[in-house]
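17 is the number of the first residue of the sequence shown in the numbering used here; add one for each residue after it.
Presented below is the structure to which this report refers.
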Amino acid sequence: MAHRFDPVESMAAARHEFGEHGGVNLSIEASTTFTVMAADEMPKIFRGERGPFSMQAGNATGGCYLYGRNFNPTVYTFGRLLAAMEGTEAGYATSSGLGAIAAVLLQLCSSGESIVSSQTIYGGTFALMKEFFPLKTGIQTRFVDITNYQEVARALTETGSKVLYCETVANPTLVVADIPALSAIARRHGATLVVDNTFSPMIVSPAQLGADVVVHSVTKYISGASDVIAGAVCASEAFIYSMMDLHTGALMLLGPTMDPKIAHELTLRMPHLGLRIAEHSRRAQIFAERLRDAGAAVTYPGLPEHPQHELLESMANPGYGLGGLLTLDLGSIERANRFMEILQNEHSFGFMAVSLGYFETLMSCSGSSTSSELTEEEQRAAGIAPGLVRMSIGLTGSIEQRWGQLWDAYRRIQQS
Ligand SMILES: *Cc1c(COP(=O)(O)O)cnc(C)c1O
17 MAHRFDPVES
27 MAAARHEFGE
37 HGGVNLSIEA
47 STTFTVMAAD
57 EMPKIFRGER
67 GPFSMQAGNA
77 TGGCYLYGRN
87 FNPTVYTFGR
97 LLAAMEGTEA
107 GYATSSGLGA
117 IAAVLLQLCS
127 SGESIVSSQT
137 IYGGTFALMK
147 EFFPLKTGIQ
157 TRFVDITNYQ
167 EVARALTETG
177 SKVLYCETVA
187 NPTLVVADIP
197 ALSAIARRHG
207 ATLVVDNTFS
217 PMIVSPAQLG
227 ADVVVHSVTK
237 YISGASDVIA
247 GAVCASEAFI
257 YSMMDLHTGA
267 LMLLGPTMDP
277 KIAHELTLRM
287 PHLGLRIAEH
297 SRRAQIFAER
307 LRDAGAAVTY
317 PGLPEHPQHE
327 LLESMANPGY
337 GLGGLLTLDL
347 GSIERANRFM
357 EILQNEHSFG
367 FMAVSLGYFE
377 TLMSCSGSST
387 SSELTEEEQR
397 AAGIAPGLVR
407 MSIGLTGSIE
417 QRWGQLWDAY
427 RRIQQS
């Protein structure tokens, strides 16, 4: 069997950064500015002849540093781990997922150009493309059904778009993007494929399947503790460096900079990311199977009934399961709300809160929360029913304890 890419092996092979005094953990470079030892070094840094991104140096950490918004070694080290996870040449961390997404799209598109995007994406990204960009930049977006390749290809031809955008596993419908197929279509049309891999870090490695740029909301699974907002871009060295360019770089000039203290903390969470993801997946799989067996309207890509189950299996790295998110359609918003209230207020099963990837279960009614940027019609087109509850399955408590709570709430809603 051909050796497959494994993010855990890739991360373990990345250079280990020791602390300044020989500590096993890296030090925090808590400086916003950096000295030079000779005055004539400074103009060279500004000309790009010296510095972390100097191509001449051929080594991203070989030169002199300039200023924290441009480059910070601790943030860079975290970015290097993320790049190892995705198997890309380079990566850089940002202060939020949306900051990373906006910067990537602005780096790739100029005024008057356009984007072809999946219609089923995170609400904030949707609002950015549908409302903010046309208003502020003249960049237009055509939204398509990402599983309909003819529609995707037609949209790219008709718009001449430079960018094809999708989420590996879409929010909140859990529709899976066929990354190899979309990458082939993008390539034929000279477009860059940008994939948001927030729902499936470790599980899917989009860059290994043909994606050009991978973005993350690190806020979710990578952080795992719902305590920091953070994001990342993983791509070729040339693309990452272009985003740090002093004159034309969207990361450098828009400034969604990650604090080095946050980068340091997140670096310490990377070694157990794989373990956490595997456990989130294992539990979601068990709950989804039991709910399905009880006749519930459950959607989970780990179920053979999911329309893209085999596709996701074919793209997934073995050992991490098929994700920690499932959705349950309770039929109406009233029933969905009652269901979540029982689970939170009677059982401490989890929390009614947006977001995902937390060690506790998070539940939200997508149509009236994280997807409320979509109109009713757009929600219908995207397959978001009003009573749809999205659950990000946590990893606390025992499985039977949690299942007992979930089943009690479900049974009571069914009987009401
Ligand atoms: C949360 C989220 C984002 C936005 O990330 P922030 O870190 O909140 O800025 C983008 N994409 C997806 C899929 C998300 O879940």
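Built from N, CA and C at the ideal position, the CB exists for glycine as well.
Please read all numbers here as calculations on a predicted model, not as lab measurements.
Cβ-heavy atom distance, residue i to ligand 1, below 8 angstroms
| i | result |
| --- | --- |
| Ser-388 | no |
| Ala-119 | no |
| Lys-146 | no |
| Glu-281 | no |
| Ala-246 | yes |
| Asp-212 | yes |
| Ile-137 | yes |
| Thr-235 | yes |
| Gly-115 | yes |
| Leu-372 | yes |
| Thr-141 | yes |
| Asn-187 | yes |
| Ser-382 | no |
| Phe-21 | no |
| Ser-258 | no |
| Ser-112 | yes |
| Phe-215 | yes |
Unbroken alpha helix (DSSP H) run spanning residue i, endpoints
| i | result |
| --- | --- |
| Gln-421 | 415-431 |
| Phe-255 | 253-259 |
| Thr-175 | 165-175 |
| Ser-442 | The structure shown has nothing for residue 442, since the chain only spans 17 to 432. |
| His-363 | It is not in any alpha helix (DSSP H) - His-363 carries neither H nor E in the DSSP assignment. |
| Thr-141 | 139-143 |
| Tyr-336 | Segment: none, Tyr-336 is in no alpha helix (DSSP H) and carries neither H nor E. |
| Gly-95 | 89-102 |
| Met-268 | 266-270 |
| Ser-26 | 23-29 |
| Leu-122 | 113-124 |
| Thr-343 | That residue, Thr-343, is in no alpha helix (DSSP H); its beta strand (DSSP E) goes 341-345. |
| His-280 | 276-283 |
| Asn-41 | Segment: none, Asn-41 is in no alpha helix (DSSP H) and carries neither H nor E. |
Within-9 angstroms CB hit, residue i to chain D
| i | result |
| --- | --- |
| Ile-201 | No chain D appears in this structure, which consists of one protein chain only. |
Nearest residue (CA-CA) to residue i, options the options
| i | options | result |
| --- | --- | --- |
| Glu-362 | Gly-399, Asn-164, Val-231 and Gln-421 | Gln-421 |
| Ile-349 | Glu-376, Thr-49 and Ser-385 | Ser-385 |
| His-205 | Glu-174, Arg-299, Pro-59 and Gly-337 | Glu-174 |
| Gly-247 | Asp-275, Ala-223, Thr-264 and Ser-221 | Asp-275 |
| Ala-279 | Arg-66, Leu-270 and Asp-243 | Asp-243 |
| Thr-283 | Phe-21, Ile-44 and Glu-36 | Ile-44 |
| Pro-317 | Ser-111, Arg-158 and Phe-303 | Phe-303 |
| Gly-8 | Arg-298, Cys-80, Ala-313 and Glu-376 | Absent from the model: residue 8. The displayed extent of the chain is 17 to 432, so no value can be given. |
| Ala-119 | Ser-297, Phe-149 and Phe-50 | Phe-149 |
| His-325 | Gly-67, Glu-281 and Gln-301 | Gln-301 |
| Gly-176 | Cys-125, Arg-396 and Gly-337 | Cys-125 |
| Trp-423 | Gly-64, Leu-319 and Asp-309 | Asp-309 |
| Ser-297 | Ile-358, Phe-365, Thr-264 and Pro-217 | Pro-217 |
| Ala-186 | Leu-411, Gln-431, Gly-399 and Ser-414 | Gly-399 |
| Arg-351 | Thr-377, Glu-394, Glu-147 and Val-405 | Val-405 |
| Ile-219 | Ser-252, Asn-164 and Leu-338 | Leu-338 |
| Gly-403 | Leu-82, Met-356 and His-322 | Met-356 |
| Ala-143 | Arg-428, Ser-388, Arg-427 and Val-210 | Ser-388 |
| Gly-383 | Ile-117, Glu-392 and Thr-377 | Glu-392 |
| Asn-88 | Ser-112, Thr-48 and Leu-122 | Thr-48 |
First through last residue of the beta strand (DSSP E) which encompasses residue i
| i | result |
| --- | --- |
| Ser-130 | 130-134 |
| Phe-159 | 156-160 |
| Leu-378 | 377-381 |
| Ser-233 | 229-233 |
| Val-405 | 404-408 |
| Gly-107 | 106-110 |
| Leu-180 | 179-183 |
| Leu-209 | 208-212 |
beta-carbon residue i near ligand 3 non-hydrogen atom, thresh 8 angstroms
| i | result |
| --- | --- |
| Glu-183 | This structure simply doesn't include ligand 3; it includes ligand 1 instead. |
Is it a yes or a no for the stretch 334-346 touching the stretch 185-202, going by three-plus beta-carbon pairs under 8 angstroms? yes
Check whether the stretch 149-156 touches the stretch 193-212, taking contact to mean three or more Cβ pairs, one atom from each stretch, closer than 8 angstroms. Contact fails: fewer than three Cβ-Cβ distances are below 8 angstroms.
Check whether the stretch 26-33 and the stretch 92-110 are in contact - that is, three or more C-beta pairs closer than 8 angstroms. The stretch 26-33 makes contact with the stretch 92-110; the number of CB pairs closer than 8 angstroms reaches 3 or more.
Counting pairs of Cβ atoms below 8 angstroms between the stretch 128-141 and the stretch 174-181, do you hit three or more? yes
Does the contact criterion of 3 or more C-beta pairs under 8 angstroms hold for the stretch 287-295 versus the stretch 235-244? yes
The stretch 366-373 in contact with the stretch 314-329 per 3-pair CB rule at 8 angstroms: Taking one beta carbon from each stretch, the stretch 366-373 and the stretch 314-329 have fewer than 3 pairs nearer than 8 angstroms; the two do not touch.
Inter-stretch contact at 8 angstroms, needing at least 3 Cβ pairs: the stretch 105-120 / the stretch 248-262: yes
Looking at C-beta atoms only, is the number of pairs between the stretch 266-275 and the stretch 219-232 that lie closer than 8 angstroms three or more? The stretch 266-275 is not in contact with the stretch 219-232.
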